[in-house]
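Residues in the sequence shown are numbered consecutively from 1, following UniProt numbering.
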Amino acid sequence: MPRFLFHLHECGVNTLDDSGRELPNLTSALEAARRDALSIMAHEVHDGHLCLSCHIEVEEPATGKRTSLAFRDVLLVSGL
């Protein structure tokens, strides 16, 4: 099973993942990143703020390919 790295880019702070997670494919890795982003945003809202410019970069170490998942793309905002 391939290993994927999840690099967090949050409000100017970059946290690189050096251990990663084994997942069946990129689709599964992006779903894991989506869940991680929602969890991070939930904690931010609990603390009274929310940054939608953050993102998680999913890296496939075997190929070096990186796919970015922006927080703003995983959250539906309504009622504005």
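Each residue gets a CB set at the ideal place from its N, CA and C atoms; glycine is no exception.
Residue range 26–46 is occupied by the alpha helix (DSSP H) that includes Thr27.
For Ala62 and Gly79, the gap between their C-alpha atoms comes out near 43 angstroms.
Rounded to whole angstroms, the gap between the alpha carbons of Arg21 and Ala37 is 16 angstroms. With respect to Thr15, Leu8 sits close: the two C-beta atoms are nearer than 9 angstroms.
In summary, Glu59 is buried, with 16 or more beta-carbon neighbours lying within 10 Å of its beta-carbon over all protein chains present.
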